[in-house]
Amino acid sequence: MPMFLFLRRLRHSPAAFCGLIIILLLMLIALFAPWLAPHDPNWQDAAARLQAPSRQHWLGTDSYGRDLLSRLIYGSRPALGLVALVTIITLPVGLLIGILAGYYGGWLERVLMRFTDIVMSMPRLILAFAFVAMLGPGLVNGALALALTTWPAYARQARSEIQRLRHSDYLAAAEMMGIRGRRLLAGHILPLCLPSAIVRLALDLAGIILAAAGLGFLGLGARPPMAEWGAMIADGMQVIFDQWWIAAAPGAIILIASLAFNLLGDGLRDVLEPQHD
């Protein structure tokens, strides 16, 4: 679908367009963080500990005297970086397994789907926390852990779509023209699975943002002193009754980011899968 047509359709859904604008703003904030942050996010000032929002520190300071606004701005980098890594891993792996299982069937389908069922049967967050505990804290390890627990849903969805389309006239015509194997899978089957996978991904990214914040909250996310939204909430929990803004600010931005991905996912479903209208 041409980009201008996609954007024109998306504009008919104000909520989805709003979600897209928020996500683009977050990406710009992450990209230009060094120029947008008013202070060094890691600079500690013992004389400015736990200050309330003021003209010098718009969102106040944390228990180390670090500027909260600057840390929020820099915290968008690991959050969106983790989302990008999870997307890069989850989508290809899930689609590959689902397409192979749905198209070839037989013993390959049974093996791949039983493995998928085993992964899906485990609690997602607990499994992700276990992976990070084994691999060690860090942005890449967190992304790997979340990706390893996210791909099965895409595999099952792709498999069900391939089974529905396997005997369609479209694929039969392609095979009659001599298009088979990898050329058929990549050029004709994959494009049929992408729209629904992209819609699901946009909706899942809201949960991934929350899961990433959960890893940071437990100290399993980005390594200190890197600013990370979940870790900021954990720091603020110690003084939440007296200095509530320390936990409220990152909590609000996590809520906004999750809501934006949910709104965008709903809009993408209407644009890419109009049969759901």
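Residue numbering for the sequence shown is 3 to 279, as defined by the working numbering. Beta carbons: idealized from backbone N, C-alpha and C, even for Gly.
Q. Looking at C-alpha atoms only, which residue of L192, I101, G108 and D206 is the closest neighbour of A149?
A. For this step, residue 149 is matched to residue 147 along the sequence shown. Selected option, being the one with the closest Cα: D206.
Q: Flag this pair as yes or no: are the beta carbons of S123 and E163 separated by less than 8 Å?
A: Numbered from its first residue, the sequence shown carries residue 123 at position 121. Numbered from its first residue, the sequence shown carries residue 163 at position 161. Their beta carbons are not under 8 Å apart, which means S123 does not touch E163 by this criterion.
**Q.** Reference R79; option with closest CA among A215, H14 and G221
**A.** Translated into the one-based positions of the sequence shown, residue 79 becomes position 77. R79 has its Cα closest to that of A215, out of A215, H14 and G221.
Q. Rounded to the nearest angstrom, how far is the Cβ of G144 from that of L222, given a contact under 8 Å?
A. Along the sequence shown, read from residue 1 onward, the residue named residue 144 stands at position 142. Along the sequence shown, read from residue 1 onward, the residue named residue 222 stands at position 220. Yes, G144 and L222 are in contact; Cβ-Cβ is about 7 Å, under 8 Å.
**Q.** Ranges of the alpha helix (DSSP H) found wholly within the segment 135-177, counting only runs of at least 4
**A.** 141-150 and 153-167
Q: Label A157 either buried or exposed according to how many other C-beta atoms from any shown protein chain fall within 10 Å of its C-beta, with 16 as the threshold for buried.
A: For the purposes of this step, residue 157 is taken as residue 155 along the sequence shown, with counting starting at 1. Per the 10 Å Cβ criterion, buried.
Q: Would you list the one or two residues that DSSP bridges to D69?
A: In the sequence shown, the residue the question calls residue 69 occupies position 67. Beta-bridge pairing links D69 to T63.
Q.
For the alpha helix (DSSP H) containing V121, name the first residue and the last one.
A. In the sequence shown, counting from the first residue as 1, residue 121 sits at position 119. Start and end: G108 to M122.
Q | Validate contact between the segment 37-48 and the segment 59-72 using beta carbons, cut 8 Å, 3 pairs | A | yes
Q.
Under 8 Å: do the segment 160-178 and the segment 98-116 share three or more Cβ pairs, one atom per stretch?
A. yes
**Q.** A41 - DSSP class collapsed to helix/strand/coil
**A.** Position 39 of the sequence shown holds residue 41. It should be noted that the sequence gives His, not Ala, for residue 41. If DSSP states are grouped into helix, strand and coil, H41 belongs with coil.
Q | Other residues of its chain near P16: CB distance less than 8 Å, five sequence neighbours each side excluded | A | In the sequence shown, residue 16 corresponds to position 14, counting from 1. Excluding positions up to five away in sequence, the list is empty.
Q) For L22, which three-state DSSP category applies? A) Residue mapping note: residue 22 aligns to position 20 of the sequence shown, counting from 1. L22 falls in the helix class under three-state DSSP.
**Q.** Among V241, W60, F263 and D64, the one whose alpha carbon lies nearest that of A49
**A.** The residue given as residue 49 occupies position 47 in the sequence shown. Residue D64 is the option with its Cα nearest to A49.
Q: Would you tell me roughly how many angstroms separate the C-alpha atoms of I23 and P36, rounded to the nearest one?
A: The sequence position of residue 23 within the sequence shown is 21, counting from 1. The sequence position of residue 36 within the sequence shown is 34, counting from 1. Approximately 21 Å, taken between the alpha carbons.
(Q) Quick check: what's the CA-CA separation for H278 versus F19? (A) The sequence position of residue 278 within the sequence shown is 276, counting from 1. The sequence position of residue 19 within the sequence shown is 17, counting from 1. At H278, the pLDDT of 48 sits below 50, so the modelled position is not reliable; the number obtained from the coordinates is stated separately. If I take the Cα positions, the gap works out to 18 Å.
Q. If we ignore side chains and look at the alpha-carbon of each, how far apart do S72 and G189 end up?
A. By 1-based counting over the sequence shown, the position of residue 72 is 70. By 1-based counting over the sequence shown, the position of residue 189 is 187. The alpha-carbon atoms of S72 and G189 are separated by roughly 45 Å.
**Q.** Where H278 sits in the DSSP three-state scheme
**A.** Translated into positions along the sequence shown, residue 278 becomes position 276. With a pLDDT of 48 at H278, under the threshold of 50, the modelled position of that residue is not reliable, and the figure given next carries that caveat. Looking at H278 - three-state DSSP - the assignment turns out to be helix.
Q: Decide if the segment 244-259 is in contact with the segment 53-62; the criterion is three or more beta carbon pairs, one per stretch, under 8 Å apart.
A: yes
**Q.** Supposed contact pair I200 and L270 - C-beta distance, whole angstroms, cut 8 Å
**A.** For this step, residue 270 is matched to residue 268 along the sequence shown. For this step, residue 200 is matched to residue 198 along the sequence shown. Contact holds; Cβ gap of about 6 Å.
Q: Return the CA-CA distance between L33 and M136, expressed in angstroms with no decimal places.
A: For the purposes of this step, residue 33 is identified with residue 31 of the sequence shown, where counting begins at 1. For the purposes of this step, residue 136 is identified with residue 134 of the sequence shown, where counting begins at 1. Going from the Cα of L33 to the Cα of M136 covers about 31 Å.
Q) Near P154, which residues of its chain fall below 6 Å by C-beta distance, leaving aside the five closest residues on each side in sequence? A) Translated into the one-based positions of the sequence shown, residue 154 becomes position 152. If we look at P154 and ignore the five residues flanking it on each side, its Cβ neighbours are T118, V121 and M122.
Q: Enumerate in chain order the residues of its own chain whose CB-to-CB distance from I211 is below 8 Å, with the five nearest sequence positions on each side excluded.
A: What you label residue 211 is simply residue 209 of the sequence shown in a count that begins at 1. Closer than 8 Å at the Cβ level, and outside the excluded window around I211, lie A81, V85, I256, A259, S260 and F263.
Q) Span of the alpha helix (DSSP H) holding P197? A) Mapped onto the sequence shown, residue 197 falls at position 195. Unbroken alpha helix (DSSP H) run through P197: L192 to F219.
Q: Please work out which residues of its chain come closer than 7 Å, Cβ to Cβ, to M239, disregarding the five sequence neighbours upstream and downstream, and give them in chain order.
A: By 1-based counting over the sequence shown, the position of residue 239 is 237. Closer than 7 Å at the Cβ level, and outside the excluded window around M239, lie A249.
Q.
Between R225, C195, V241 and H59, which has its C-alpha nearest I99's C-alpha?
A. Numbered from its first residue, the sequence shown carries residue 99 at position 97. Here the closest residue by C-alpha is C195.
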